[in-house]
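Numbering (our numbering), first residue to last: 232 to 465.
Even for Gly, the Cβ is constructed at its ideal location relative to N, Cα and C.
Small disclaimer: the values here were computed from a predicted structure and weren't measured.
Reviewing the structure listed below.
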């Protein structure tokens, strides 16, 4: 249970790293302001993905080697900002040839769900892409893969986008104004820093509190969400 004071309580033996949530959507209470209207994201970009790292760690390289590819992006900011990105000749391991990105007022965010495997077990995989504006019209951020499994399958890759020119008219890119509006989900409010208290329900004994960083991602329809908890020092 998450209290208003920002404390998470859990029974002993429960260790949540990535959980699936399905809270009811609610109207946006932070509609994009004037800054969103200037968040234009258009053109041809070189996308560089760094080596795999344990999700939320900023270290602990898992491999494989970095990847470089070309991406075409179009955006529309007439009612909030949404962008459509097409990866040209995507590598098989990316499994994300087309990406929808929504501008949240601070960064661009893309969230999708795919079927995947963790070890030899089938599972759902949330893929997230977070991009922050950088110099010369480029972007930097994180490409993240999350599953409900705590079996070493949650991973990050650093992202760098460098603008190289305009969109190639020979490359098909979905017009962003044809995309349905993003539906916010109140589960996204579970993001920030929290103190976690684990209590043994049989004895009532409580372990020392743990500080955790929490981030929740929801798909554009607002129907599904995933929450990642990582140690404060990661």
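Judged by their CB atoms, residue 395 and residue 316 are not nearer to each other than the 7 Å cut-off.
Taken through DSSP and simplified to helix, strand or coil, residue 454 comes out as coil.
For residue 314, the enclosing beta strand (DSSP E) has its first and last residue at 313 to 319. Burial check for residue 346: the Cβ neighbour count within 10 Å stays below 16, so the residue is exposed. About 5 Å separates the beta carbon of residue 299 from that of residue 279, a gap short enough to meet the 8 Å contact definition. If the five residues before and after residue 310 are omitted, its C-beta is found closer than 8 Å to the C-beta atoms of 412, all from its own chain and listed in chain order. Every beta strand (DSSP E) of 3 residues or more that sits fully in the stretch 341 to 403 is shown, in chain order, as 352 to 364, 370 to 378, 386 to 396. According to the DSSP assignment, residue 449 belongs to the beta strand (DSSP E) that extends over 441 to 449. For residue 296, DSSP assigns no beta-bridge partner whatsoever. In the DSSP assignment, residue 428 falls within the unbroken beta strand (DSSP E) covering 423 to 430.
Just measuring C-alpha positions, the residue of 402, 391, 442, 284 sitting nearest residue 426 is 442. In the three-state reduction of the DSSP assignment, residue 309 falls in the coil class, being assigned neither a helical nor a strand state.
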